[in-house]
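The sequence shown maps to residues -16 to -1, 1 to 352 in mature numbering (1 follows the signal peptide of the UniProt record, and there is no 0).
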Amino acid sequence: MDRLMCILGFLRLVACMPDNPYVVYLDHETFQGAVSHCKLMGFLANMPTREEVTKILTAISNRDSSEKKFWVGLKKEKSSCVQTHLPLKGFQWIVDNSTEAAVNFTVAKPSCIHSLCGLLHVEKTGNSISNWELQDSPCSHRHPFICKQMEGGPDKTPCGKFYISGTHDKLQILHDPLKQNITCSHGDSFILTCSPRSHQWVLMGTQDTDISELCSPCKKGFKKDNLGKCIDIDECQQGKPCKHSCVNTVGSYKCECPDDDADACKESTDITNKDQATTTGNLLSLPSSSPEQVEIKDKQVDYSYIFIPVLIAVISLVVLVAVIVVIVKCCLRKRSKNLANKKTEASKESVALNRTDSMERVNEKEAL
């Protein structure tokens, strides 16, 4: 038996089949909205057998939620009537239009003129389900829902992969293969969802949004909003950067001072600049008819990202030139030494030849 279970487990792993194909979604949708959402990777769950019922109840128990009512794929069309003598009371499973059911359920208000949809109502005791039943509900009401995944599991979503520039981490949200949690390196976090309309990953709560620049850093003076767009920072709302009036500008701000207090305003602004590590711009005088003198205060420009690479390049160039000079000097010294040795050898050979000639002359004289 154990060997058989191991073989079955291996086959399931190879086939990429999930242990429990049912996914519980806590988003509140109408019945039709739940049907559309489930179509992305399967269908709105049916409950034709006790085995399927057990798997669905297990999936609900595994969710840490207080929700009690969930859409399942059961519906009675507007043109048909409730039939109290049938197990499903005239309802059908929308996945195959079947009427097979592991349990009966009671319709609260039998009707022939309204479409009705099926709910699974559960009661929990702690983390376990103590009781459950099928109920009818108007299809326009909003409830969580249960989907059954088709073969292939949660990786086979129609939205596929997505690309986001910038450093980021992505994490699959537990129990929901159609959502991704994105955390950017600068700390912003976003939730993506697979759009049933466009089959593209979009920001949760939006229809069609470009997510490619979600984690791209904003320019100085800007920050990300909840849609991932760069918006201007209102520095005037962050503390008190100015002694008198503060006017927010795009990417910066400016301080305005009355003419009769221009010196004090300038002094206060200079102190503020030191505290916030910013630079003070030039004082711009308005025309003589204007009652105010305006001081423009710009943010400190960070040149470190330019200065450091340039400094490294200059140091590297100096080291390279020094190495070349040393190599050239060594070569010149070696060449001079070789020339000196050659001259010495040549002089020695000349002396030897002179001695040989002298000896030959002496010998000739003696022979005569």
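Glycine is no exception: its CB is placed at the ideal position from the N, C-alpha and C atoms.
Nearest to L28 by alpha-carbon distance, out of Y9, T42 and R34, is Y9. Judged by DSSP secondary structure, I166 falls outside any alpha helix (DSSP H) and instead within the beta strand (DSSP E) spanning K163 to C168.
Cβ contact annotation for R126 (same chain, cutoff 7 Å, sequence separation greater than five): H12, E13 and T14, in chain order. The three-state reading of DSSP puts L70 in coil, since its state is none of H, G, I, E or B. Separation of the CB atoms of C96 and W55 is rounded to 22 Å, and the pair is thereby denied contact status at 8 Å. Ranked by Cα distance from P242, the first of S236, C226 and T233 is C226. Around the C-beta of M25, 16 or more other C-beta atoms lie within 10 Å, and the residue is accordingly described as buried. When only Cα atoms are considered, L162 and D172 end up about 20 Å apart.
One thing to note: C143 has its Cβ within 7 Å of the Cβ of H183. When only Cα atoms are considered, S99 and C123 end up about 7 Å apart.
Contact check for C168 against C214 fails: the beta carbons are separated by 7 Å or more.
For F15, the enclosing alpha helix (DSSP H) starts and ends at F15 to C22.
From the listed residues D194, I217, I130 and P5, the smallest Cα separation to K203 is found for I217. G74 sits away from S63, with the two beta carbons spaced by 7 Å or more. C101 is bridged by DSSP to K59 and S121. Here the alpha carbon of D194 sits roughly 7 Å from the alpha carbon of V186. Rounded to the nearest whole angstrom, the C-alpha separation of K132 and S114 is 23 Å. Secondary-structure assignment with DSSP links I113 through a beta bridge to K108. Its Cα nearest to that of F89, the residue T68 stands out among T68, V79 and P5.
Within the region 177 to 228, the beta strand (DSSP E) runs of at least 3 residues that lie entirely inside it are, in chain order, 185 to 187, 206 to 208 and 214 to 216. The beta carbons of V79 and G57 sit closer together than 7 Å.
By the C-beta density criterion, K93 is exposed, having fewer than 16 other C-beta atoms within 10 angstroms.
Bounds of any alpha helix (DSSP H) do not take in K238; it lies within the beta strand (DSSP E) bounded by S236 to P242. When only Cα atoms are considered, I130 and G205 end up about 45 Å apart. In this structure, the straight-line span from the alpha carbon of S149 to that of V19 is close to 33 Å. DSSP, reduced to helix, strand and coil, places N322 within a helical segment of the structure shown. When secondary structure is reduced to three states using DSSP, V309 falls in the helix class.
By the neighbour-count criterion, in which 16 or more other beta carbons inside 10 Å mark a residue as buried, G189 falls on the exposed side.
Cβ contact annotation for T42 (same chain, cutoff 7 Å, sequence separation greater than five): N4, in chain order.
Separation of the CB atoms of S49 and S112 is rounded to 14 Å, and the pair is thereby denied contact status at 8 Å. Rounded to whole angstroms, the separation of the alpha carbons of R339 and A330 is 14 Å. Per DSSP, the unbroken beta strand (DSSP E) holding K132 starts and ends at H127 to Q133.
Sequence-distant partners of G223 (beyond 5 residues in either direction) whose C-beta falls short of 6 Å from its own C-beta are missing from its chain.
Cβ neighbours of D209 within its own chain (closer than 8 Å, five residues either side excluded): I215.
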